[in-house]
Amino acid sequence: MRLFLTASFASLLLAAPVLAQGVPGPASPPIAGTVKSFDGKTLEVSATGGAALSVAVTPATRITLTVPKTVADIKPGDFIASGGTRGPDGVLRANEIRIFSAPGGEGQFPMAQPGQTMTNATVTQVMTDATVKQVGGGKAPVIKLSFHGAGAPGSANCTGRSADAPGGAGKGCVGETEFEVPANVKVVAQLPGDASMLKPGAKVSVGAANGQATRITISQ
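Quick note on the numbering used here: the sequence shown kicks off at 2 and runs consecutively.
See the structure below:
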């Protein structure tokens, strides 16, 4: 999910062993598949690879809807999450982009994969092909962003998670960053969803623990 937002798109699609209701244990990797049935309480999923999944859906289950978008849909003021890779030339290039309806997990910090960086920030400018060519002769669109980081207010080279800042999230340093968007980079919007969207045939990615769905992502 490539990396989300703390998350890569690929990691959301990993298959896992069947989860049984009521079995204690830690959260399992998300399972991708299609909805087989949902009666308002129990979700049955035909998982990728032929496995089956049965989990309880509760009021605490977080349900989101993923909608395909393009770079042209990204506007100043949008809050986005992007996993990127910094090349030998020092340029950060997006591997994926997610547009969120509200800020969350703000900051810029290393990912688990070597050389990769997660950026959760607010868009300040989108430089399209034409603008980039005028400025520096480049071809890929460039997105400029700002974010609160982990350092104290006024800190230079602001990075890290906003939540780790002195005084709490949103009260630390303010950083600026930018990344290129190579062709064919996946762009999606993640919107609030609800249980009414869990219809047979819907494509989903389900995270669960103790037999209950903790998070369900529905893909269009």
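The beta carbon of each residue, even a glycine, is placed where N, CA and C say it ideally should be. From a predicted model like this one, the values you see are computed outputs, not experimental measurements.
Measure the beta-carbon distance from residue i to residue j and round it to whole angstroms, keeping in mind my assumption that it falls under 8 Å.
{"i": "residue 110", "j": "residue 160", "result": "6 Å"}
{"i": "residue 95", "j": "residue 186", "result": "5 Å"}
{"i": "residue 227", "j": "residue 156", "result": "A query on residue 227 cannot be resolved here, the shown segment of the chain reaching from 2 to 221 and no further."}
{"i": "residue 202", "j": "residue 219", "result": "So it is not a contact: roughly 11 Å between Cβ atoms."}
Sorted by chain position, which residues of the same chain lie with C-beta nearer than 8 Å to residue i's C-beta, five sequence neighbours on each side aside?
{"i": "residue 215", "result": "28, 61, 62, 63, 208, 209"}
{"i": "residue 45", "result": "36, 37, 38, 39, 53, 54, 55"}
{"i": "residue 217", "result": "44, 58, 62, 63, 64, 65, 194, 199, 205, 206, 207, 208"}
{"i": "residue 171", "result": "107, 149, 163"}
Following a CB-centred definition, is residue i positioned closer than 7 Å to any heavy atom of the ligand SAM?
{"i": "residue 163", "result": "The model depicted lacks the ligand SAM and carries no ligand whatsoever."}
I'd like the list of long-range same chain contacts for residue i, defined as Cβ closer than 6 Å, with 5 residues on each side in sequence excluded.
{"i": "residue 25", "result": "No answer about residue 25 holds up, because its pLDDT of 37 lies below 50 and its placement is not dependable."}
{"i": "residue 132", "result": "Residue placement at residue 132 is flagged as unreliable, the pLDDT there being 44, under the threshold of 50; the coordinate-derived value follows with that caveat. Excluding positions up to five away in sequence, the list is empty."}
{"i": "residue 162", "result": "108, 110, 151"}
{"i": "residue 138", "result": "Residue placement at residue 138 cannot be trusted, given a pLDDT of 46 that sits under 50; the coordinates are not used to answer."}
{"i": "residue 39", "result": "199"}
{"i": "residue 104", "result": "80"}
Relative to the alpha-carbon of residue i, which residue among the options has its alpha-carbon at the smallest distance?
{"i": "residue 93", "options": "83, 100, 102", "result": "83"}
{"i": "residue 145", "options": "156, 177, 45, 188", "result": "177"}
{"i": "residue 71", "options": "120, 142, 199", "result": "142"}
{"i": "residue 97", "options": "104, 90, 75", "result": "75"}
{"i": "residue 206", "options": "49, 39, 119, 89", "result": "49"}
{"i": "residue 107", "options": "31, 39, 164", "result": "164"}
{"i": "residue 117", "options": "105, 89, 129, 126", "result": "89"}
{"i": "residue 181", "options": "39, 58, 85", "result": "85"}
{"i": "residue 73", "options": "38, 31, 124, 47", "result": "124"}
{"i": "residue 179", "options": "126, 169, 203", "result": "126"}
{"i": "residue 102", "options": "113, 149, 78", "result": "78"}
{"i": "residue 59", "options": "204, 197, 201", "result": "197"}
{"i": "residue 183", "options": "87, 41, 51, 42", "result": "87"}
If I follow the unbroken beta strand (DSSP E) through residue i, where does it start and stop?
{"i": "residue 83", "result": "80–87"}
{"i": "residue 220", "result": "213–220"}
{"i": "residue 37", "result": "32–39"}
{"i": "residue 53", "result": "53–57"}
{"i": "residue 48", "result": "43–48"}
{"i": "residue 75", "result": "Counting along the chain, residue 75 falls outside any beta strand (DSSP E), and DSSP gives it neither H nor E."}
{"i": "residue 199", "result": "Careful: residue 199 lies outside any beta strand (DSSP E) and carries neither H nor E."}
{"i": "residue 95", "result": "93–101"}
{"i": "residue 176", "result": "175–181"}
Can you check DSSP and say which residues form a bridge with residue i?
{"i": "residue 142", "result": "DSSP output for residue 142 lists no bridge partner at all."}
{"i": "residue 193", "result": "65"}
{"i": "residue 108", "result": "121, 162"}
{"i": "residue 128", "result": "143"}
{"i": "residue 223", "result": "Lying outside 2 to 221, the shown extent of the chain, residue 223 is not represented and no answer is given."}
{"i": "residue 210", "result": "213"}
Given residue i, which residues of its chain have a CB within under 7 Å of its CB, disregarding the five upstream and five downstream residues?
{"i": "residue 68", "result": "189, 190, 192, 221"}
{"i": "residue 129", "result": "142"}
{"i": "residue 22", "result": "Confidence in residue 22 is poor, its pLDDT being 32 and thus under 50, which makes the residue's placement unreliable; the coordinate value appears in the next sentence. For residue 22, where only same-chain residues beyond five positions count, the Cβ hits under 7 Å are 55, 56, 57, 212."}
{"i": "residue 154", "result": "173, 174"}
{"i": "residue 167", "result": "153, 173"}
{"i": "residue 112", "result": "4, 84, 118, 119"}
{"i": "residue 42", "result": "57, 58"}
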